[in-house]
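First to last, the sequence lines map onto chains A and B. With the working numbering as the guide, the letters of the first sequence map in order to residues 1 to 300. With the working numbering as the guide, the letters of the second sequence map in order to residues 1 to 300. All C-beta atoms in this analysis are idealised placements derived from N, C-alpha and C, irrespective of residue type, glycine included.
Number of protein chains: 2
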Amino acid sequence: MARSASPLLEQALADTAADIDRYFDALLAVPADPRARLYEAMRHAAIGGGKRLRPLLVRASANLFAVDSECALRAGAAVEAIHVYSLIHDDLPAMDDDDLRRGKPTVHKAFDEATAILAGDSLHALAFDILADEATHSDPFVRLELIAELSRASGPAGMAGGQMMDLAADGQGFDLATVTRLQQLKTGALIGWCLEAGAILGRIPHEGRAALRGYARDIGLAFQIADDLIDVEGDAAVAGKAVGKDADAGKETFVSLMGVARAREQAHALVDQAVAQLSGFGSEGDLLRAIARYVVERDR
Amino acid sequence: MARSASPLLEQALADTAADIDRYFDALLAVPADPRARLYEAMRHAAIGGGKRLRPLLVRASANLFAVDSECALRAGAAVEAIHVYSLIHDDLPAMDDDDLRRGKPTVHKAFDEATAILAGDSLHALAFDILADEATHSDPFVRLELIAELSRASGPAGMAGGQMMDLAADGQGFDLATVTRLQQLKTGALIGWCLEAGAILGRIPHEGRAALRGYARDIGLAFQIADDLIDVEGDAAVAGKAVGKDADAGKETFVSLMGVARAREQAHALVDQAVAQLSGFGSEGDLLRAIARYVVERDR
């Protein structure tokens, strides 16, 4: 799959990556005491890697509603902190047992397991610290809605619940409906938060966010199908992580249940559907349209 | 050490334990899907055990300012969720590797390591979900201050940072100042939050909370010294967890640095000092006074 990002998207990806790195670099200044190792582990995981897809989605959604860029960056950093914590814990020997992440050794390999557990827990706490600060938005109800939605999207009714289903999936022969539900929790809930966050920051009421929720659901599934395709067809060196793991684990995926051809077709249909959700927006929706296409055309 | 709780304290301990159990029982209803195991693991850790010292401290502090009891209970449940998540992660093989907690098998023993990691992460997220809800307080600034302070008290500048120092402590020969700082982060920060939470719920401004912060600092250290004494002198069956672990790990503690006699003396001096901090309060401070004494007289 050739990567064919538009110039608009290329610029937004590069800007977001630089902004997030700069934000975490300032946030995670290493203290001169025995906690230094903890901060170094957080920096190892949080700085200089990853597509930064979630902060980019927050930025693109916030663009629709002319939200201040600093507010969007802080919300993006919060969800990225949650995402990174989940990767650190997911990579642990007791979970997926991965040695490589974003082309670097995983945190428990570069440091040790105990430090990895605490680095994940620390990033988890920091996400809420970022959102609670008035620099994220002057309206306290906006901050509280971001916090309430993020705790739900990342907790047992969201990401953590999806990870639990994923652990239970090995050799269970889940059907397509169950795999879809699993992925909607495991990755979809957090992606949904990103799109809602832009609208929350723009003070768009709940009932005005249906199109964004639909877009999030569609690209979330498309993203996961693309991930499954990379796992089957991908090159570990390009992906920056181990591939072929799902088949080895005897785990049902969109690709194992639908086959490669139909899975790819479905991913593209979902992207078309996601783009159609944006029909109410003009050129300010172009970045979200470009992201939807990128989600299935990326190679990692 | 004989346990000699006052009738007032006995009643408050029993009421708080029952209220927290009831709260978590309702919050953690087990869903009929593959996430059931995750909720069962959270219930195993969060229901039916523990002294509930932190929710009790929130309740006792809230009592000073005539705070609604439901608000105090919710704040207490939030900090207990954080405390329980930290115990689950702390007990993991990569951390303290404990088999027994609150007289029951630890979560990774009763379930498995992956489920324990996710159960901890889930309780961590739920703590912020509880605080963000308007049922915790009608004033959004009160909820935001509780959230901001709890994320700081539990994150790398608080509890998680203290745990990192504790991991680094093995055979390092920390001095008394470093052990004090370690414990102020590891257990003191969360205890400090409990006392502040009562005042925040009562809308007492920051500058009016100095006595409570002093009380928290004093009982936090006294609590830890008592813990070290239990680790040296205690009975595992009574403590409900393994004892003698610090000496085995070659870790400096208040007891190893001061000796048993001086440590006990110091704990009692801290309790007297904590009680003296409450001189501005009348009988509404009696529960906090009783807790201060209980902290060093408990046997587990």
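How about residue i: is its Cβ closer than 7 Å to a heavy atom in the ligand ADP?
i	result
L212 of chain A	Among the ligands in the structure shown, none appear at all, so the ligand ADP cannot be discussed.
Quick check on the DSSP output: the alpha helix (DSSP H) that includes residue i runs from which residue to which?
i	result
T16 of chain B	P7 to L27
K109 of chain B	V107 to A110
R37 of chain B	A36 to A46
P55 of chain A	L53 to L64
G329 of chain A	Because chain A here runs from 1 to 300, residue 329 of chain A falls outside it and cannot be looked at.
What would DSSP say about residue i, mapped onto helix, strand or coil?
i	result
L92 of chain B	coil
K245 of chain A	helix
L167 of chain A	helix
L270 of chain A	helix
L100 of chain B	strand
L131 of chain A	helix
H137 of chain A	coil
L287 of chain B	helix
L182 of chain A	helix
F254 of chain A	helix
V30 of chain A	coil
G173 of chain B	coil
I204 of chain B	coil
S69 of chain A	helix
G198 of chain B	helix
S154 of chain B	helix
A292 of chain B	helix
G188 of chain B	helix
S86 of chain A	helix
S122 of chain B	helix
G282 of chain B	coil
G49 of chain A	coil
So, at 7 Å on beta carbons, what are the nonlocal neighbours of residue i in its own chain, with the 5 sequence-adjacent residues on each side left out?
i	result
T106 of chain B	D91, D98, D99 and L100
A119 of chain A	L38, A41, M42, A45, I88 and V107
W193 of chain B	V79, E149, L150 and A153
D286 of chain A	L8
R293 of chain B	V271
L28 of chain A	Y39, M42, R43 and A46
Q273 of chain B	D218
Between residue i and residue j, what straight-line distance do the alpha-carbon atoms span, to the nearest angstrom?
i	j	result
A261 of chain A	V255 of chain A	9 Å
H268 of chain B	S69 of chain A	54 Å
S151 of chain B	E233 of chain A	41 Å
A26 of chain B	L126 of chain B	13 Å
L56 of chain A	D218 of chain B	46 Å
A249 of chain A	L167 of chain A	10 Å
L13 of chain A	F128 of chain A	24 Å
A153 of chain B	G188 of chain A	30 Å
A216 of chain B	L185 of chain B	12 Å
Q11 of chain A	I291 of chain A	12 Å
H83 of chain B	G162 of chain A	24 Å
G214 of chain B	T136 of chain B	25 Å
E297 of chain B	D231 of chain B	14 Å
A62 of chain A	H124 of chain A	23 Å
E265 of chain B	K251 of chain B	21 Å
D170 of chain A	I117 of chain B	18 Å
D228 of chain A	H206 of chain A	32 Å
S122 of chain B	A160 of chain A	6 Å
L64 of chain A	L212 of chain A	10 Å
D33 of chain B	I204 of chain B	44 Å
M1 of chain B	I200 of chain A	Low confidence applies here, because M1 of chain B scores a pLDDT of 36, under 50, leaving its location unreliable and the question unanswered by this model.
K104 of chain A	D246 of chain A	21 Å
A66 of chain A	I225 of chain B	55 Å
R209 of chain B	V295 of chain B	21 Å
D139 of chain B	A72 of chain B	14 Å
G259 of chain B	V30 of chain A	34 Å
P93 of chain B	G202 of chain A	45 Å
I191 of chain A	A81 of chain A	13 Å
Counting only the same chain and skipping the five closest in sequence on each side, list residues whose C-beta sits under 8 Å from that of residue i.
i	result
L131 of chain A	R74, A75, A78, R143, L146, I147 and L150
M164 of chain B	P156
A60 of chain B	A12, G198, L287, L288 and I291
T115 of chain A	R37, L38, A41, V107 and H108
L182 of chain B	G162, M165, D166, A169 and F174
Give every residue of the same chain whose Cβ lies closer than 6 Å to the Cβ of residue i, excluding the five residues on either side of it in the sequence, and list them in chain order.
i	result
R383 of chain B	Beyond the ends of chain B as shown, which are 1 and 300, falls residue 383 of chain B; an answer cannot be given.
D96 of chain B	D90
F24 of chain B	A46 and I47
G49 of chain B	R102
S6 of chain B	A290
Determine, using beta-carbon pairs with one atom in the segment 173-180 of chain B and one in the segment 138-145 of chain A, whether at least three such pairs fall under 8 Å.
With a cut-off of 8 Å on Cβ pairs, the segment 173-180 of chain B is not in contact with the segment 138-145 of chain A, counting fewer than three such pairs.
Can you confirm whether the segment 275-286 of chain A touches the segment 10-25 of chain B when touching is taken to mean that 3 or more C-beta pairs between the two stretches lie within less than 8 Å?
The segment 10-25 of chain B makes no contact with the segment 275-286 of chain A; the number of CB pairs closer than 8 Å stays below 3.
Okay, do the segment 106-120 of chain B and the segment 27-47 of chain B touch, 3+ Cβ pairs below 8 Å being the bar?
In the pairwise beta carbon analysis, the segment 106-120 of chain B is classified as touching the segment 27-47 of chain B: at least three pairs are separated by under 8 Å.
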